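Engineer: Just so you know, the numbering used here puts 868 at position 421 of the sequence shown, and the rest follows in order with no gaps.
For each residue, glycine too, the CB sits at the ideal point set by N, CA and C.
A quick note: this is a predicted structure, and the numbers were derived from the prediction, not measured.
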Amino acid sequence: MLDLKFIRENAKAVQENCRNRGVEADVGLVVELADRRSALIQELNELKQEQNRTAKSIGQERDPEARERLIAGSREMKGEIPVKEAELHEVEVRLRDEQLKIPNMTHPDSPIGRDDSENVEIRRSGEIPKFSFEPKDHVELGESLGIIDFEAGAKTTGSKFYFLRGDAVLLELGLIRYALDLLAGYGYEPTITPDLARDEALVGTGFIPRGPETQIYSVEDDDLSLIATAEIPLAGQLTDEIVEEERLPLRYAGLSHCFRTEAGSHGRASRGLYRVHQFTKVEMFAFTRPEDSETVHEEMVEIEERIFQGLGLPYRVVDICTGDLGGAAYRKYDLEAWMPGRDDFGEVTSTSNTTDYQARRLRIRYRRAEPGGRPQLLHTLNGTALAMSRAFIALLEVYQQEDGSVNLPEALVPYVGKERLEPATR
448 MLDLKFIREN AKAVQENCRN RGVEADVGLV VELADRRSAL IQELNELKQE
498 QNRTAKSIGQ ERDPEARERL IAGSREMKGE IPVKEAELHE VEVRLRDEQL
548 KIPNMTHPDS PIGRDDSENV EIRRSGEIPK FSFEPKDHVE LGESLGIIDF
598 EAGAKTTGSK FYFLRGDAVL LELGLIRYAL DLLAGYGYEP TITPDLARDE
648 ALVGTGFIPR GPETQIYSVE DDDLSLIATA EIPLAGQLTD EIVEEERLPL
698 RYAGLSHCFR TEAGSHGRAS RGLYRVHQFT KVEMFAFTRP EDSETVHEEM
748 VEIEERIFQG LGLPYRVVDI CTGDLGGAAY RKYDLEAWMP GRDDFGEVTS
798 TSNTTDYQAR RLRIRYRRAE PGGRPQLLHT LNGTALAMSR AFIALLEVYQ
848 QEDGSVNLPE ALVPYVGKER LEPATR
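1) Could you tell me which residues DSSP pairs with T796 in its beta bridges?
2) Assuming I445 contacts Y633 under a Cβ cut-off of 8 Å, what Cβ separation, rounded to an integer in Å, is found between them?
3) Roughly how many whole angstroms lie between the Cα atoms of R722 and E709?
4) Return the first residue and the last residue of the beta strand (DSSP E) that Q823 is part of.
5) For my contact list, E730 and Y762 are in at a C-beta cut-off of 8 Å; report their separation, rounded to the angstrom.
6) Taking the beta carbon of D781 as the centre, do at least 16 other beta carbons fall within 10 Å, making it buried, or is it exposed?
7) Along the chain, where does the beta strand (DSSP E) containing L622 start, and where does it finish?
8) Could you tell me the alpha carbon to alpha carbon distance between R718 and F726, rounded to whole angstroms?
9) Hey, L828 and N800: beta-carbon distance below 7 Å or not?
10) With a 10 Å radius around its C-beta and 16 neighbouring C-beta atoms as the bar for buried, classify G903 as buried or exposed.
11) Just confirm the distance between the C-beta atoms of L629 and R753, as a whole number of angstroms; I'd bet it's less than 8 Å.
12) Note the first and the last residue of the continuous beta strand (DSSP E) segment covering C705.
13) For E581, list the residues DSSP reports as bridge partners.
14) Classify T604: buried if its beta carbon has 16 or more other beta carbons within 10 angstroms, exposed otherwise.
15) Let me know if P550 comes out buried or exposed under the rule of 16 or more other beta-carbons within 10 Å of its beta-carbon.
16) I'd like the list of long-range same chain contacts for M835, defined as Cβ closer than 8 Å, with 5 residues on each side in sequence excluded.
17) Does the distance from the CB of L592 to the CB of L859 come in under 7 Å?
18) So, with DSSP's three-state summary, where would you put S591?
19) Are G759 and P861 closer than 7 Å when you measure CB to CB?
20) Going by DSSP, what residue range makes up the alpha helix (DSSP H) through Y862?
21) Go to A644, then tell me how far its beta strand (DSSP E) extends in each direction, as first and last residue.
22) Measure the CB-CB distance between P637 and L627 and report whether it falls below 7 Å.
23) Using the Cα positions of A648 and R571, report the straight-line distance between them to the nearest angstrom.
24) CA-CA distance, N467 and L772?
25) Please confirm whether M747 and T798 have their CB atoms less than 7 Å apart.
26) From G526 to V478, what distance separates their C-alpha atoms?
27) Using 6 Å as the cut-off, classify the Cβ of G632 as near or not near the heavy atoms of the ligand SAM, replying yes or no.
28) Relative to the alpha-carbon of R808, which residue among G774, T831, P787 and R778 has its alpha-carbon at the smallest distance?
29) Classify P659 as helix, strand or coil using the three-state DSSP reduction.
30) Would DSSP call N457 helix, strand or coil?
31) Tell me where the beta strand (DSSP E) around I689 begins and ends.
32) Could you check where the beta strand (DSSP E) with K602 kicks off and where it finishes?
33) Kindly indicate which residue of D766, R778, I840 and G819 has the alpha-carbon position closest to the one of V795.
34) In whole angstroms, what separates the C-alpha of L487 from that of Q756?
35) If we count the other Cβ atoms within 10 Å of its Cβ and call it buried at 16 or more, is F453 buried or exposed?
36) Measuring straight from C-alpha to C-alpha, what distance separates A489 and L535?
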């Protein structure tokens, strides 16, 4: 979230940023509530100081009538204090709720737009494949290869769930190792995170764990939720901590399952693996000094491009517009791979610089190395290395052959142990 002092001093710019991002937030109300909180804190302090002075006077007063008046006044103040404290608590809860609605500020170079239709393509790589036969989509290919079973997933769990079988399991494990090995070269520490996190970690990273707008599966009668991305526990692991400057940047390659309700996702564009309730992902996450975060952000994009270049998949890099940034991102890039079944590019990675937005919510700071360096907020960044379900779509559809087999890119052969996936024999 944004700093209250910054909001107060830049109220017009913050409100304009909310409009550009299509976010309903009342900056004026936040300032009003912050002022009321300050006034209540001052009133409480004055009441307590007066009560202490009165208590001292009671002990020194020898006149019974005067002493009784002092006792009555002390009793009245004693009754006022809990009323003021209750009001302060109510104001603080409202203030935090309203403050959390305000999104991060936006990079000056991010395009202004309403939704994903106004994102701006920066560059593209690779040639769009041309087929001499009628290509299948990944759902048909997964069925004919005998490796993706949507029917079994629907039977045991529900729609948008699936079983991976045979070569698909080897392919997923191979993709994971391929991504982790590349990330190791950039200093990312392989990490397997819990699949659940406390609500504080979700709110701290900008997710809504409960309520009608949530995309999160939450555990009833508990403050735990299934994670939508390893970003959540990777950020939450340093809650309330101070990191020494020499340890930064901290880079993690988080492997986890991801769970999303995908409410309202229907139609051909969401067919098959494109929008599912559970998938496996390798996530990049970094804690950095503020002056390093933009460099690390560009590094994450470079890694994503290297991954997809190594897989030989056509893609484009997109600069995300204000209306599609979400709450936490200061700047975001998506990488979209060509998916013949959609006859279009489809999002396969997303990487965001969230500056100190998450760190302020989670109270994560670092201490500069110079003598007397005071703790200050660090920056956090996140980015998809590989989301297996989306990578499957691009790989199967781009590398399909007329006989129904699928060739594997050279980079994956050592990890999967074979050069091609063959149709299942019945």
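Structural biologist: Straight from the coordinates:
1) Bridge partners of T796: L782.
2) In the structure displayed, the chain extends from 448 to 873; residue 445 sits before or after that span and is not available.
3) A direct Cα-to-Cα measurement between R722 and E709 gives close to 7 Å.
4) From DSSP, the beta strand (DSSP E) with Q823 extends over P822 to L824.
5) That pair is no contact at about 18 Å.
6) The C-beta of D781 has 16 or more other C-beta atoms within 10 Å across all chains shown, which makes the residue buried.
7) Unbroken run through L622 is the alpha helix (DSSP H), D614 to A631; no beta strand (DSSP E).
8) Pairing R718 with F726, the inter-Cα distance amounts to about 15 Å.
9) Taking 7 Å as the Cβ cut-off, L828 and N800 qualify as a contacting pair.
10) Nothing in the structure corresponds to residue 903, since the chain is present only between 448 and 873.
11) Between R753 and L629 the Cβ distance is about 6 Å, and since that is below 8 Å, they are a contact.
12) From DSSP, the beta strand (DSSP E) with C705 extends over L697 to F706.
13) Answer is none; E581 lacks a bridge partner.
14) T604 should be labelled exposed.
15) With 16 or more other Cβ atoms from the protein chains shown falling within 10 Å of its own Cβ, P550 counts as buried.
16) Same-chain partners within the cutoff: E619, L622, I623, F726, T727 and K728.
17) Not a contact, by the Cβ cut-off of 7 Å.
18) It is helical.
19) Contact check for G759 against P861 fails: the beta carbons are separated by 7 Å or more.
20) Its alpha helix (DSSP H) spans residues V860 to V863.
21) Per DSSP, the continuous beta strand (DSSP E) segment holding A644 begins and ends at L643 to R645.
22) P637 places its beta carbon less than 7 Å from that of L627.
23) Linking A648 to R571 through their CA atoms gives a straight-line distance of about 35 Å.
24) The alpha-carbon separation between N467 and L772 amounts to approximately 10 Å.
25) T798 is positioned such that its CB atom lies closer than 7 Å to that of M747.
26) Taking the straight line from one Cα to the other gives about 29 Å.
27) No copy of the ligand SAM occurs in the structure displayed, which carries no ligand at all.
28) Ranking the options by Cα distance to R808, first place goes to G774.
29) Three-state result, P659: coil.
30) Per DSSP, reduced to three states, the secondary structure at N457 is coil, with no helix or strand assignment.
31) Run containing I689: I689 to E691, per the beta strand (DSSP E) assignment.
32) Counting along the chain, K602 falls outside any beta strand (DSSP E), though it belongs to the alpha helix (DSSP H) covering F597 to T603.
33) When only C-alpha atoms are compared, the closest one is I840.
34) Straight-line Cα distance between these residues: approximately 58 Å.
35) Flag for F453 reads exposed.
36) Sequence check: residue 489 is Gln here, not Ala. Looking at the two C-alpha atoms, the distance is approximately 11 Å.
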